[in-house]
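Note sheet for the following structure.
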C-alpha cells in the first residue's frame, strides 16, 4: 500500500497542478481586468469634468477625441473579458482579437499624446496635463499592456488571428473620415496634425496620418506575433505535460509489482 501511495499520488497532483495554476491565474487576471476598467471609468469622468471648466469647449468635441472613444471601447471589452476570466476557463476567440485591438488603441493614444506634448514644447505652447489625462494616456495603456502580456504568458486562450491587423484599422479609418469632414465643417480638430493650417497643408496631414498608420500596423503586428508564439508554446507545454502524465500512469503498475517482489524477498 505504501508503494502505491508514494509512487502514484505525487504524479496525480503534478498532473493537475498546471490546470489549478491556470485557473487561479485566470481569476487573478479577471480581477486585474476589472480594476483597469474601473480606473478607465474614473479617468473618463475626471477628464470630462476637467474640460467642462472651459466655457467654450463643447461636449461633443470631448467625445470626438480618439482617446475618449477608444477608452470607452476599452471599458466595454475589459468588462466582458473580466467576466470571462472570472467564470470561464478561456476566452472566446473573437475576444482575444478585440482585447488586442483595444490594447493597441490605448497604446497609440499614449504615443500620439506624447507626440503632441513634444510639438507643444517646440512651439512654446503650454500643455497642461491633469491627473485624468495621465491616467488615460499613460497609466491605463501600461496596465492594459501588462494585462495583455499576462494573458499571453498564461497561454490558455486561442492564438490571436493575423486578420486582427486589418480589423484594427477599421475603427481608426472611420474615425479619421468623420473627423476630417467634421473639422472642415466647424473648423475644429481634436489633434493639431489633422488641421492642414497647422502642418503646412494637406500633404502635412497625409504625412502625419501615414506615421500614425505605421504605428497602428507595427504595434498590432508585434502583439499578434507575440501572442501566437506564446500560445503555441503553451500548447506544446500542455501536450508535453499530458504525455508525461500518461507515461507515468502506464509505468505505475510495473513499479507496484516490482516493489511487491522486492518486499517478498527475505532479508539476509
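Residue numbers (our numbering): 63 to 330.
We put the beta carbon where it would ideally sit given N, CA and C, even for glycine.
All of these numbers come straight from a predicted model, not from anything done at the bench.
* Report back the beta-carbon spacing between residue 223 and residue 159 to the nearest angstrom; my notes put them in contact at under 8 Å. => Indeed they touch by this definition, with Cβ atoms about 6 Å apart.
* Identify whether residue 62 lies in helix, strand or coil by the three-state DSSP scheme. => Since the first residue shown for the chain is 63 and the last is 330, residue 62 is missing from the structure and cannot be characterised.
* Which two residues bound the contiguous alpha helix (DSSP H) that contains residue 123? -> Run containing residue 123: 121-124, per the alpha helix (DSSP H) assignment.
* Please report how far the alpha carbon of residue 269 lies from the alpha carbon of residue 283, in whole angstroms. => Straight across, the Cα-Cα distance linking residue 269 with residue 283 is about 21 Å.
* Leaving out the 5 sequence neighbours to the left and right, which residues in its chain are closer than 8 Å to residue 135 when beta-carbon positions are compared? -> Hits under 8 Å: 164, 167 and 233.
* Asked: Cα separation between residue 106 and residue 207?
  -> One Cα belongs to residue 106, the other to residue 207, and the distance between them is close to 19 Å.
* Asked: Pick from 214, 110, 239 and 171: whose alpha carbon is nearest that of residue 288?
  -> Scanning 214, 110, 239 and 171 for the CA closest to the CA of residue 288 turns up 214.
* Unbroken alpha helix (DSSP H) run spanning residue 215, endpoints -> Run containing residue 215: 202-216, per the alpha helix (DSSP H) assignment.
* Measuring CA to CA, which of 244, 275 and 201 is closest to residue 227? -> Nearest of 244, 275 and 201 to residue 227, Cα basis: 275.
* Three-state secondary structure assigned by DSSP to residue 102 -> Note: residue 102 maps to helix in three-state DSSP.
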